[in-house]
Structures are given as C-alpha cells and as structure tokens.
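For reference, the structure is listed below as structure tokens.
In our numbering, the protein residues as written are 383 to 598.
Here it is, written out as structure tokens:
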C-alpha cells in the first residue's frame, strides 16, 4: 500500500466512525427536486434553499409544470436566495430543455446534464451521485479546500475538475459519493475557510495543513 493509499484508508476509517450516517442537507424528494435545489444552492446556503423550496415545489410539482412557468412568478418564490433573477431564468429554461430535448426526464449522463442552463459540473455530479446512485464526486469549495488541506490531492491542482479526477481515482468506488458528504460537512463545520477548528478535528495527525502550519 502506498503512502497516499494508506492516508486515504485512514481518513475513510475516521469518517466511517465519526460520521457514519451522512446525507445531503438539501431537502428533496426526487431527481427533479434535487436538480432544482442544487441549482438554487449555488453560492447560497442549503438552509436558505430549504426555506424556499417547499412552496416552490408545491406550485411546480414536476419539470413539465416548471417548463410552462413565467419567470417572474418563479422569482416570487426564490427571491430570498442569492442571484434570484438569474436562477429564475435558469430554472425555467432548464425545465423547457428537459421537456423538449429529454422527453421530460432528468438526464442521467454528465454530458447531458451540463448542457442544461444553470448546471455546472458540480451540480451535475450531485444529481448523478444522489439521484441516480452513480459513483460521482461533486467538488464544491468545501471539498476543494479540505482535499488540499488534508493532502488528499496535490497543492498544484488548481481546478475542481482536476481535484475530482484525482479523488475518484484514490477513493474506493463504494465510498466516493459518501466521501463527498464527509469532506463537505468537515469543511462546512470543522475545517472552515478562514479559521479552521483544528482543536475539534480528529484528523490532525494525517493533515498536511496542520502538520505544516499549526505545528510550526
């Protein structure tokens, strides 16, 4: 076993004990709702998104309903999220494209998902992993930061795509999507951006950031 494989194994074992049951903090009931919620969650908190989606999903129960919506009406439901004007347009145009090009079914290939308005690679991977059960690794700011700090990926990797590529290779398939939640939640609550809470972290012995910055 290589040094990096040993590190990955130990980190996975830690999270399996520390966070055995993890799931998305977004509330959704199907792939349509997950896609909408994830589009809304871009540069916005899951908590805020969960406040607006119940009424939105009650009004627009499926992609067909949303495809016929007026952008201004959608805006009234999501005006408290970040960039509501853009996201209202994204949602309606996304729904229209799903109906027109994919027969009203949310596509289950990343090549198709990233063609949808408002859908980048991270959003597409969220849908693939948690709506369709694929071994996908969405890389958001938390996953990107924690992966670098722990030393799971090289400091030289400067894009989410490169980090995703390496993580998918290094993490065993059965843990890839779960590891997304582990890294995300660790970054959200422990390994925070400005001041990481190293005193609360059980990974300091394995953490490249801690060994380099904190011990010195």
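Cβ atoms here follow ideal geometry from the backbone N, Cα and C, with glycine treated the same way.
The structure presented is a predicted model; accordingly, all values stated were derived computationally and were not measured.
When you compare only the Cα positions, how much space is there between residue i and residue j?
i, j, result
"residue 405", "residue 560", "8 Å"
"residue 590", "residue 533", "5 Å"
"residue 416", "residue 587", "36 Å"
"residue 558", "residue 530", "17 Å"
"residue 384", "residue 400", "24 Å"
"residue 564", "residue 483", "35 Å"
"residue 481", "residue 512", "21 Å"
"residue 427", "residue 549", "24 Å"
"residue 468", "residue 478", "15 Å"
"residue 454", "residue 460", "10 Å"
"residue 556", "residue 518", "10 Å"
"residue 566", "residue 593", "21 Å"
"residue 523", "residue 403", "22 Å"
"residue 574", "residue 436", "29 Å"
"residue 434", "residue 500", "18 Å"
"residue 388", "residue 410", "36 Å"
"residue 570", "residue 554", "23 Å"
What first and last residue would you give for the alpha helix (DSSP H) that runs through residue i?
i, result
"residue 387", "385 to 400"
"residue 479", "466 to 484"
"residue 449", "445 to 449"
"residue 436", "428 to 441"
"residue 460", "453 to 460"
"residue 413", "413 to 422"
Excluding five sequence neighbours on each side, which residues of the same chain lie with their C-beta closer than 6 Å to the C-beta of residue i?
i, result
"residue 508", "420 and 520"
"residue 413", "488 and 513"
"residue 583", "572"
"residue 545", "521, 526, 529, 535 and 539"
"residue 498", "476 and 479"
"residue 552", "390"
Going along the chain, which residues of its own chain have a beta-carbon closer than 7 Å to the beta-carbon of residue i, five neighbours each way excluded?
i, result
"residue 585", "393, 396 and 532"
"residue 496", "502, 503 and 506"
"residue 547", "none"
"residue 423", "408 and 431"
"residue 386", "552"
"residue 516", "510"
"residue 568", "528"
"residue 562", "511, 519, 520 and 525"
"residue 486", "445, 446 and 480"
Within a Cβ cutoff of 8 Å, which residues of the same chain sit near residue i, ignoring the five residues on either side of it in sequence?
i, result
"residue 456", "438, 442, 448, 470, 473 and 474"
Is it the case that the stretch 485 to 495 contacts the stretch 459 to 473, given that we only count it when at least three CB pairs across the two stretches are under 8 Å? no
Taking the runs of the alpha helix (DSSP H) that are 4 residues or longer, which of them lie wholly in the stretch 490 to 563? 492 to 495, 503 to 512, 523 to 532 and 542 to 552
Between the stretch 441 to 453 and the stretch 535 to 552, can you find at least three pairs of beta-carbon atoms closer than 8 Å? no
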